[in-house]
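Enquirer: Numbering (my numbering), first residue to last: 571 to 1169.
The structure that follows is given in the form of structure tokens.
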Amino acid sequence: MILRDRLIEPEFRTSPDRWSEEEKIKYKTRGFTEIPDSVVHELKDEKDELSYETSIIAKSCGIYLEFNRDKFRETREKDYIYMIRIVIPGGGPITAKQWEILDEISNRYTVSDAYTKDPKPSLRLTTRQDIQLHHVKKRDLLNAIQDIVRSGFFTLNGCGDNVRNVVACPLSFFSSIFNSNSLAKEIANYFRLPTGPYIQVFELDSVSHLDTSITHEGRFRYSASLLNRKFKIAISALHLMEGKLVRDNCVEATTNDIGIVPVNGKLFQLYVGGGQGENQGFSTFSTLGKPLGVFNREELVRALDVLVNIQQEWGDRKNRHWARMKYLVYKMGIEWLREKIRETGLEPEPPLDLDVGDRMLHLGPIRTEVEAYGIFVENGRVIDREDSKYKTGLLEMVRSYPDAKIFITPNQHLIVTGIDDLREFEVFMSRFLKKPTNLRMHATACVGFPTCKLSYTDSERFLPRLIGELERRWGDLKETIGISGCLAQCSRPGTKTLGWVGTGYNLYMLKVGGDSSGRFQGNPLIDPDTGDVYLTHVPGNRLADVTDALFELYSTHGNGEGMGQFLRKLGNKRIIEYLKNNPKTSDLMTPSKLRATLD
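Here is the structure:
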């Protein structure tokens, strides 16, 4: 963990007179049961931008105000664009017909210049199994959301301070042991915001799949100002593979505020306080969740209600950088949280020493209790590129396989079921998609420039170039590289073998300690004796040098173990010494101005 200018001091149970501006704005919605008339009017007027108040409230509807970062760097003028996030609990299923509709929606309202000089329509798959529409214009917001709802999906809870899209392993949809996909839908439904204002604002006339109850009886009761921050829940899986029970942590459950890991089909261990986001200006950290205890299926949703309510009551409402559940767990302790749960009448069993399983990518032919095929989608961007015609290929696929069901994975890829002949399907898709190297297949990036307004720099556009430099030599390597355009770290680079996090324009910080299995939390390269932090602002054109040097170190001395395990055993002290003495990286090895400690 990096400790910067001061200690971590959240202001729990914040007095309303000390709330942040965001909290005061959210309060006007009375728990999203009503929307101010000014907000409704502004969402529909002809201006390209939104006021700060309206932009905060619009997030809960899955709308994110952004601007083209490339143009802003050139002209200092903001070309306002919008991102719409489509919520899909558990990643699916999406029918062939629904995919056709979503493809057409993207044609109608989106463009992307992430991979081509000429902007083209695209769909963006996310690590939370959402679908994002980018570069949507303000004039199209109303029509776009109406079209999305007619497709059978919606955007409520897509962004904002509420329980976000609940992620789960897509393959568990077919499991005879435990269906985490179904549980994800149940949990998402329980924590869904009141739908009445959403229906009213966007003039929705086809909402049979949405509960129109405003009072939300039998569901979670959000406070007048909603949650303190976004809240993430993930559910891992159990598969029966070749007669054996296998744990599958494709969702990286412990990186979430609450991770649900099945002990079997009836008992579940909860992990609390995970989170990858940080803030460059404050003392913050990334961490994996801690085991809380074991709950049975009957009390699971109640336990989630209690935990989210504790966060809602206690979480910091003044300092948003300390408002996530991980800071409550960090300061108050896991035993304090268990006691708060016992006060409600719940009595969890003590936590087990449980292995969460590998981060499975689910690519290529899949044979569990269902035959399926996993399609690699580079960085989740469904767009036609020079080497891979993702958009055209997937559209042709759903037209040629009308019974197919599609699922989005938590690693930004697609799983297709309902196929009779996997080999024939593979040949069909090879007409459109180039087969990736192992290194490219295991790499992932968030959106970054030019779209996301939180980003400092490129990630999605940069990663393919980085892999291109490395794969000539290391293409067969099955290690993971993750890149994020900012410290929000949506692509979870810290749990990859090597993570690169944007810290400025064309500048990146290295994280080590994760690995290809996804079981471990990586951190910046900190000297444990001095607190010096290295490689915090590496220029983009030097990332290949550092990565290549570390791959060389591993290939020479790895002894057959995974690279993440090798680097953890080697330790930061020796990694720093090696990079200082390597001619490729020695000039980069000056300690940054940050001071740090390992906790």
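Ideal Cβ placement from N, Cα and C applies to all residues, glycine included.
Keep in mind the model is a prediction, meaning the values are calculated, not measured.
#1: What residue range does the beta strand (DSSP E) around N1093 cover?
#2: Compare the Cα-Cα distances from R1144 to each of D1099, R1112, T1117 and K1163 and report the closest residue.
#3: Using the rule of at least 16 other Cβ atoms within 10 Å of the residue's Cβ for burial, across every protein chain shown, is R588 buried or exposed?
#4: How long is the line joining the alpha carbons of R976 and C1016, rounded to whole angstroms?
#5: Compare the C-alpha of S531 against each of K959, L984 and I1037 and name the closest.
#6: Exposed or buried, which one is S824 when buried takes at least 16 other CB atoms within 10 Å?
#7: Measuring CA to CA, which of M895, G1038 and E868 is closest to T854?
#8: So S750 is in the alpha helix (DSSP H); what residue range does that whole segment cover?
#9: Beta strand (DSSP E) containing P689: first to last residue?
#10: Expressed to the nearest angstrom, what Euclidean distance is found between the alpha-carbon atoms of P691 and Y652?
#11: Starting from P861, follow the beta strand (DSSP E) in both directions and report where the run begins and ends.
#12: Helix, strand or coil, according to DSSP, for I784 in the structure here?
#13: Would you identify the three-state DSSP class for I880, choosing helix, strand or coil?
#14: Does the region 714-731 come close enough to the region 632-642 to have 3 or more Cβ pairs within less than 8 Å?
#15: Distance check for F790 and V876, CA to CA, integer angstroms please.
#16: What residues in its chain sit with their C-beta under 7 Å from that of R929, if we drop five residues either side in the sequence?
#17: Look at the alpha carbon of Q846 and the alpha carbon of E1049, and state the distance between them as a whole number of angstroms.
#18: If I follow the unbroken beta strand (DSSP E) through Q1198, where does it start and stop?
#19: Cα-Cα, which of S1061, Y1078 and W1070 is closest to L695?
#20: Out of A794, N638, I578 and V864, point me to the one whose CA is closest to K598's CA.
#21: How is H1107 classed by DSSP in three states: helix, strand or coil?
#22: How many Å lie between V609 and I595 at the Cα?
#23: Can you tell me which of T857, T1007, L620 and L1113 puts its alpha carbon nearest to the alpha carbon of Y1078?
#24: Using a Cβ-Cβ cut-off of 6 Å (strictly less than) and excluding sequence neighbours within five positions of M811, which residues of its own chain qualify?
#25: For F1121, I'd like the list of residues in its chain whose CB is within less than 6 Å of its CB, leaving aside the five on either flank, ordered along the chain.
#26: So, G1074 versus T1021, is the Cβ gap smaller than 8 Å?
#27: Determine which residues share a DSSP beta bridge with V952 and list them.
#28: Is I747 helix, strand or coil by DSSP?
#29: Thinking C-beta only, is S590 closer than 8 Å to R799?
#30: So with Cβ pairs under 8 Å, would you call R1062 a contact of chain B?
#31: Leaving out the 5 sequence neighbours to the left and right, which residues in its chain are closer than 7 Å to E612 when beta-carbon positions are compared?
#32: Around the Cβ of E593, are there at least 16 other Cβ atoms within 10 angstroms (buried) or fewer (exposed)?
#33: E956: buried (16+ other C-beta within 10 angstroms of its C-beta) or exposed?
#34: Rounded to whole angstroms, what is the Cα-Cα separation between Y900 and E674?
#35: Using alpha carbons as the reference points, say which of L1009, F1019 and P1063 lies closest to E1039.
#36: With respect to 7 Å, is the separation between the Cβ of G1130 and the closest non-hydrogen atom of the ligand SAH below this value?
Expert: The short version:
#1: Locating residue 1093 in the sequence shown gives position 523, counting from the first residue. Per DSSP, N1093 belongs to the beta strand (DSSP E) from N1093 to I1096.
#2: Locating residue 1144 in the sequence shown gives position 574, counting from the first residue. The shortest C-alpha separation from R1144 is found at D1099.
#3: Indexing the sequence shown from 1 puts residue 588 at position 18. By the 10 Å Cβ count, R588 comes out exposed.
#4: Position 406 of the sequence shown holds residue 976. Position 446 of the sequence shown holds residue 1016. In the sequence on display, residue 976 carries Ile and not Arg. Computed Cα separation, rounded: 22 Å.
#5: Residue 531 is absent from the model: the chain starts at 571 and stops at 1169.
#6: Sequence index remark: in the sequence shown, residue 824 carries index 254 (1-based). Strictly speaking, residue 824 in this sequence is Thr, with Ser absent from that position. So T824 ends up on the buried side.
#7: Translated into positions along the sequence shown, residue 854 becomes position 284. With distances taken between Cα atoms, T854 lies closest to M895.
#8: Position 180 of the sequence shown holds residue 750. First-last of the alpha helix (DSSP H) with S750: S750 to Y760.
#9: As a working mapping, residue 689 is identified with position 119 in the sequence shown. Premise fails: P689 is in no beta strand (DSSP E) and is neither H nor E.
#10: The residue you call residue 691 lines up with position 121 of the sequence shown. The residue you call residue 652 lines up with position 82 of the sequence shown. Each residue's Cα considered, the two are about 14 Å apart.
#11: Numbered from its first residue, the sequence shown carries residue 861 at position 291. The continuous beta strand (DSSP E) containing P861 extends over residues K860 to N866.
#12: For the purposes of this step, residue 784 is taken as residue 214 along the sequence shown, with counting starting at 1. Note that I784 scores a pLDDT of 40, beneath 50, so its modelled location is shaky; the value from the coordinates is reported in the next line. Three-state result, I784: coil.
#13: As a working mapping, residue 880 is identified with position 310 in the sequence shown. Correct three-state label for I880: helix.
#14: The region 714-731 makes contact with the region 632-642, as at least three CB pairs between them are under 8 Å.
#15: To locate residue 876, count along the sequence shown from 1; it is residue 306. To locate residue 790, count along the sequence shown from 1; it is residue 220. Roughly 10 Å between the two C-alpha positions.
#16: The residue given as residue 929 occupies position 359 in the sequence shown. Excluding sequence neighbours, R929 sits near N819, C820, E822, S1087 and G1088.
#17: Counted from its first residue, the sequence shown places residue 846 at position 276. Counted from its first residue, the sequence shown places residue 1049 at position 479. Approximately 20 Å between the Cα atoms of the pair.
#18: The first residue shown for the chain is 571 and the last is 1169, placing residue 1198 beyond what the model contains.
#19: Position 125 of the sequence shown, counted from the start, is the residue given in the question as residue 695. Answer by Cα proximity: S1061.
#20: One-based indexing of the sequence shown puts residue 598 at position 28. Closest by alpha carbon: A794.
#21: One-based indexing of the sequence shown puts residue 1107 at position 537. The answer is coil: DSSP assigns H1107 none of H, G, I, E or B.
#22: Stepping through the sequence shown from its first residue, residue 609 is reached at position 39. Stepping through the sequence shown from its first residue, residue 595 is reached at position 25. Those two C-alpha atoms are separated by around 11 Å.
#23: Sequence index remark: in the sequence shown, residue 1078 carries index 508 (1-based). When each option's Cα is compared against that of Y1078, the closest is L1113.
#24: Here residue 811 is taken as the residue at index 241 of the sequence shown, counted from 1. Around M811: T938.
#25: For the purposes of this step, residue 1121 is identified with residue 551 of the sequence shown, where counting begins at 1. Excluding positions up to five away in sequence, the list reads W1044.
#26: In the sequence shown, residue 1074 corresponds to position 504, counting from 1. In the sequence shown, residue 1021 corresponds to position 451, counting from 1. Against a cut-off of 8 Å, the Cβ pair of T1021 and G1074 comes out as no contact.
#27: Start at 1 with the first residue of the sequence shown, and residue 952 comes out as number 382. Looking at the DSSP assignment, V952 forms a beta bridge with L693.
#28: Residue mapping note: residue 747 aligns to position 177 of the sequence shown, counting from 1. Three-state DSSP puts I747 in coil, outside helix and strand.
#29: Position 229 of the sequence shown, counting from 1, holds the residue named residue 799. Position 20 of the sequence shown, counting from 1, holds the residue named residue 590. The Cβ atoms of R799 and S590 do not sit closer than 8 Å to each other.
#30: In summary, chain B is missing from the structure at hand, where a single protein chain is found.
#31: On the sequence shown, residue 612 is found 42 positions in, with the first residue counted as 1. So the list reads L620, S621 and T624, once near-sequence residues are dropped.
#32: Along the sequence shown, read from residue 1 onward, the residue named residue 593 stands at position 23. Looking at its Cβ environment, which holds 16 or more other Cβ atoms inside 10 Å, E593 is buried.
#33: Residue mapping note: residue 956 aligns to position 386 of the sequence shown, counting from 1. When all chains shown are included, E956 counts as exposed.
#34: In the sequence shown, the residue the question calls residue 900 occupies position 330. In the sequence shown, the residue the question calls residue 674 occupies position 104. C-alpha separation (whole angstroms): 46 Å.
#35: Taking the sequence shown and counting its residues from 1, the one referred to as residue 1039 is at position 469. Selected option, being the one with the closest Cα: L1009.
#36: With respect to the ligand SAH, the structure offers nothing, as it holds no ligand at all.
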